[in-house]
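As you go down the protein sequences, you meet chains A and C in turn. Going from the first sequence to this note's numbering is simple: count from 1 and add 9. Going from the second sequence to this note's numbering is simple: count from 1 and add 6. Even glycine gets a Cβ: it sits at the ideal position worked out from N, Cα and C. In this text the structure is predicted, and so the values were computed from the model without any measurement. Worksheet: the structure to be examined is printed underneath.
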Amino acid sequence: MIAAATAVAFVAVSSAGVALFPRSILVFLIFQGSLLYAYVARIPGWLRATLLGAALLVLMPVIGTYNGYYLEVATQVGIFVALALGLNIVVGLAGLLDLGYVAFFAVGAYSWAIFGSPQGAVLFGGGPFPLPSWWFYPFLFIGLSVAAGTGVLLGLPVLRLRGDYLAIVTLGFGEVIRVLANNLDKPINVTNGPRGITPIARPPLPLEVSYAVGFYFLVLLIVLIIVVVNRRLEDSHIGRAWEAMREDQLAAQAMGVPLVRAKLLAFASGASFAGVMGVVFAAKQIFINPESFTFLESIGVLAMVILGGMGSIPGAIIGATVVTVLNLQVLKGLSLWLNELKNAGVTIFGYNLAGLPTQLEPAKYERMIFGLILVLMMIFRPQGIFPARRRQRELGDR
Amino acid sequence: MSALFEAVDVTKTFGGLTALQRVAFGIDGGIASIIGPNGAGKTTLFNVFTGLYRPDGGTVTFRGRSLVGLRPDEITALGMCRTFQNIRLFANMTAAENVLVGMHARIRLGIRDVLARGTRFRETERGLWQRAAALLERVALRGKGNEVARNLPYGEQRRLELARALASEPALLLLDEPTAGMTQSEAATLMALLRRLVNELGVAIVLIEHNMRVVMEVSDRVTVLDHGEKIAEGSPRDVQANARVIEAYLGRRASATRTAP
């Protein structure tokens with residue numbers, strides 16, 4: 010009862026706070042914290058659903074009209090949640106360490122980028138390019154299929170590999186895709202090389218709201234579908250076979266799990282989520298180039314999965330949210346604040362910050378602090394924020 | 007000639023070491039035991055039977071079908087399943103989930119059923135969970151379905167592994183030292199359970215065992231391996247009296263000075 014009242018009050022007050030101080034990152038973080046609280050608090054399921062639903066469907070778009078940047082953050086969080094959920098299947102459930110996951114994201118992004126921009130005409134020497142913007146929607150499925158196919162293609166040669174060896178091969182695969190994107194501007198210009206592709210068509214949105222809000226809803230809808238698909242896969246014989254494979258590959262096979270099929274299915278499902286979000290990402294950015302798909306992105310998504318809790322759907326969602334918000338807001342905000350202190354010439358311990366050498370620019374601390382957070386997290390909570398909990402079932406045997 | 011399972015002239019070498027030398031083994035029903043000193047090749051034989059190793063020579067047939075070259079999961083789907091000497095449960099999954107994985111080869115649902123989650127899926131899934139509960143009850147793990155396998159005591163882990171193997175609806179069950187680490191009375195209880203499985207489910211069981219009292223009491227037939235070769239086969243009584251068996255277990259001097267019982 011108290012928890013329910015607290016949750017409602019927390020969400021209400023913090024969202025009002027965002028309306029009052031639309032420029033304050035701190036207040037927006039408190040709003041996000043209130044959603045997290047509503048998610049974990051011991052409150053009835055319907056109240057949780059109502060609070061989170063209201064926050065995501067009503068409050069967030071309204072806040073977005075005050076400060077468009079927050080909507081941008083929310084949209085990016087959505088994209089990374091989908092990526093983390095996809096990688097969670099491969100790494101968290103099936104136990105196949107994939108360090109080149111962003112390759113599938115790239116494959117999806119380039120499939121729409123080429124056909125949804127004048128690049129298609131360059132590639133095919135004419136034709137109806139860019140395709141009409143409604144083609145974006147069929148391309149969600151095309152991007153999904155192409156990425157899933159790429160996943161199988163990667164899966165086939167690495168079926169025999171495990172652990173470290175698999176990690177190295179997938180790392181190489183990720184780099185191959187990026188290098189291909191970087192160099193396939195000759196002899197045939199497919200990807201336009203390092204210059205990237207622009208302008209990429211944006212989808213027509215049927216809603217009578219601003220484009221950013223509409224796009225936010227589109228991402229939200231796709232994430233929702235991905236969560237449902239993910240849960241259904243996990244809670245079935247397929248998901249159980251993946252987990253068995255992670256626990257003991259040999260025993261899983263001896264119990265009748267066909268390893269080849271189970272692994273390929275894991276790679277393909279994980280890749281397909283990334284493929285869909287790649288299409289969305291290309292449309293959102295309007296411009297993509299190989300720099301968007303570096304090794305660091307793969308590691309970033311992996312950090313989300315591990316930070317959130319391997320093999321756990323809520324974990325992947327929270328992990329993606331925390332890391333994205335950290336990168337886009339907390340650390341940025343911190344370095345801005347430090348910069349202000351520096352520019353104002355504040356003295357700390359008798360040292361004037363204005364005299365700070367350029368090598369110690371506050372902006373350079375961002376990565377360091379992020380790394381520090383990861384290290385501390387792994388020392389003090391190695392199982393992640395939301396570790397996978399075994400589903401308790403009524404077996405009818407008590 | 008055994009109709010259910012028949013292995014003839016099975017040979018397996020690792021580099022220069024001959025682990026199995028033209029071993030023959032067959033079973034039609036009941037409980038057969040494979041015994042022998044450490045390193046005699048018992049587990050290697052199991053690994054050949056279940057497709058983990060490919061034999062260098064010989065044939066292995068199950069219900070008239072050759073198993074050589076088949077993958078372990080294909081062999082399980084045909085109706086043979088095994089347990090492991092060092093327990094190999096899915097440690098972080100619950101007992102019920104372990105049993106459910108054992109049913110994998112029998113589940114006739116496609117990915118479309120899983121994604122659609124229609125009545126077909128839900129009814130099948132409900133049936134699977136009911137069967138899992140029944141199997142757990144059969145091995146005296148009633149009410150432990152939601153326990154994570156890792157947290158179960160040793161004896162219960164052994165029984166859970168048995169339930170997981172039974173979940174694949176095998177006609178032939180291969181158990182690698184199921185009583186290892188058990189007290190004499192625990193072992194006796196397990197053997198009574200195996201006997202019941204044979205009588206009630208009609209499953210044939212092959213045991214690898216070290217516990218001689220258990221072997222002699224429960225087995226219909228005993229096969230003795232030593233240094234990768236079959237040195238004796240027959241009823242427990244015959245095998246116990248066999249001079250080569252005594253020699254293999256006790257050494258040459260002991261058998262020479264030992265008077266017949």
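Contact set for residue i: own chain, Cβ-Cβ below 6 Å, skip 5 residues either direction
i	result
A/Pro-31	Tyr-75 and Asn-76
C/Gly-227	Before going further, note that residue 227 of chain C is Arg rather than Gly in the sequence given. The residues are Ala-38.
A/Leu-180	Leu-108 and Gly-109
C/Phe-11	Ile-33, Phe-68 and Leu-178
A/Phe-89	Ala-329 and Thr-333
C/Asn-53	Tyr-59
Distance, residue j Cα to residue i Cα
i	j	result
A/Arg-390	C/Gly-57	41 Å
C/Pro-159	A/Leu-170	33 Å
A/Met-387	A/Asn-201	41 Å
A/Ile-11	A/Val-22	16 Å
A/Pro-147	A/Phe-276	22 Å
C/Arg-88	A/Ser-24	58 Å
C/Ser-72	A/Leu-274	29 Å
A/Val-289	A/Leu-337	19 Å
A/Trp-251	A/Asp-244	11 Å
C/Leu-131	C/Asn-217	The amino acid at residue 131 of chain C is misidentified as Leu; the sequence shows Glu. The straight-line gap from Cα to Cα measures roughly 39 Å.
C/Leu-179	C/Asn-98	25 Å
C/Gly-42	C/Glu-162	26 Å
A/Gln-378	A/Thr-367	With the sequence shown as reference, residue 378 of chain A is identified as Ile, and Gln is not the correct amino acid for it. The straight-line gap from Cα to Cα measures roughly 18 Å.
C/Ala-46	C/His-233	5 Å
A/Asp-406	C/Leu-168	Per-residue confidence for A/Asp-406 stands at a pLDDT of 45, beneath the threshold of 50, marking its modelled position as unreliable; no derived number is given.
A/Arg-57	A/Leu-316	23 Å
A/Trp-55	A/Phe-302	39 Å
C/Ala-13	C/Met-222	23 Å
A/Gly-342	A/Gln-262	50 Å
A/Ala-363	A/Tyr-78	30 Å
A/Leu-369	A/Val-355	15 Å
A/Lys-195	A/Gly-205	13 Å
C/Arg-114	C/Ala-140	20 Å
C/Pro-203	A/Phe-145	Looking at the sequence shown, residue 203 of chain C is not Pro but Leu. Going from the Cα of C/Leu-203 to the Cα of A/Phe-145 covers about 59 Å.
C/Gly-21	C/Arg-77	22 Å
Cβ shell of residue i (< 7 Å), same chain only, five flanking positions each side left out
i	result
A/Ser-307	Leu-108, Gly-109, Tyr-110, Val-111 and Gly-183
C/Val-74	Arg-60, Pro-61, Thr-65 and Val-66
C/Pro-176	Gly-85, Met-86, Cys-87 and Val-209
A/Leu-216	Gly-223 and Phe-226
C/Thr-24	Gly-234
A/Asp-257	none
A/Val-161	Leu-273, Phe-276 and Ala-277
Beta-carbon spacing of residue i, residue j below 9 Å
i	j	result
C/Ile-5	C/Leu-231	Residue 5 of chain C lies beyond the residue range present for chain C, which begins at 7 and ends at 267; the question has no answer from this structure.
A/Gly-324	A/Ile-231	no
C/Pro-184	C/Leu-166	no
C/Glu-293	A/Pro-267	The structure shown does not extend to residue 293 of chain C, since chain C spans only 7 to 267, so no value can be given for it.
A/Leu-340	A/Glu-375	yes
A/Arg-399	A/Ile-322	no
C/Gly-108	A/Gly-158	no
A/Val-36	A/Leu-29	yes
A/Ala-291	A/Gly-125	yes
C/Asn-104	C/Arg-170	yes
A/Met-319	A/Val-100	yes
A/Ala-312	A/Leu-383	yes
Cβ-heavy atom distance, residue i to the ligand SAM, below 8 Å
i	result
C/Leu-231	By its list of ligands, the structure shown contains no ligand whatsoever, and the ligand SAM lies outside what it can speak to.
Own chain, CB closer than 8 Å to residue i, minus 5 neighbours either side, in chain order
i	result
A/Leu-38	Val-334, Gln-338 and Val-339
C/Leu-106	Leu-134, Trp-135, Ala-138 and Ala-173
A/Glu-154	The sequence shown places Ser at residue 154 of chain A, rather than the Glu named in the question. Counting only Cβ-Cβ distances below 8 Å, and skipping sequence neighbours, we find Ser-281 and Gly-284.
C/Thr-100	Gly-151, Asn-152, Glu-153, Val-154 and Ala-155
A/Leu-259	none
A/Val-17	Leu-56 and Leu-60
C/Arg-264	Low per-residue confidence applies at C/Arg-264: pLDDT is 48, beneath 50, and the placement is therefore not dependable, though the value from the model is reported in the following sentence. Cβ neighbours of C/Arg-264 beyond the five flanking positions: Ile-252 and Leu-256.
- Query: Taking three-plus beta-carbon pairs below 8 Å as touching, is the region 52-63 of chain A in contact with the region 277-296 of chain A?
  - Reply: no
- Item | Stretch pair the region 136-143 of chain A + the region 171-181 of chain A: three plus CB contacts closer than 8 Å | no
- Task: Below 9 Å between beta carbons is the criterion; list the residues of the region 56-81 of chain C that meet it against any residue of chain A, in chain order.
- Result: Thr-56, Gly-57, Leu-58, Arg-77, Pro-78, Asp-79, Glu-80 and Ile-81
- the region 193-211 of chain A contacting the region 116-134 of chain A, beta-carbon criterion three pairs below 8 Å: yes
- Query: Of all the residues that make up the region 220-247 of chain A, which are near chain C by a beta-carbon distance shorter than 8 Å?
  - Reply: Val-238, Arg-241, Leu-242, Ser-245, His-246 and Ile-247
- Scan the region 246-262 of chain A for residues whose Cβ lies nearer than 8 Å to a Cβ of chain C and list them as they occur along the chain. His-246, Ile-247, Arg-249, Ala-250, Glu-252, Ala-253, Glu-256, Asp-257, Leu-259, Ala-260, Ala-261 and Gln-262
- Please list the residues of the region 83-101 of chain C that have a C-beta atom closer than 8 Å to any C-beta atom in chain A, keeping them in chain order. Ala-83, Cys-87, Arg-88, Phe-90, Arg-94, Leu-95, Phe-96, Ala-97, Asn-98, Met-99 and Thr-100
- Selection of the region 178-209 of chain C by Cβ proximity to chain A, strictly under 8 Å: none
- Query: Using a beta-carbon distance cut-off of less than 9 Å, what residues from the region 17-39 of chain C approach chain A?
  - Reply: none
- Given a limit of 9 Å on CB to CB distance, which residues of the region 106-125 of chain C reach chain A? Leu-106, Val-107, Gly-108, Met-109, His-110, Ala-111, Arg-112, Ile-113, Leu-115, Ile-117, Asp-119, Val-120, Leu-121, Ala-122 and Arg-123
- Proximal residues, the region 265-295 of chain A versus chain C, C-beta separation under 8 Å: Gly-265, Val-266, Pro-267, Leu-268 and Leu-274
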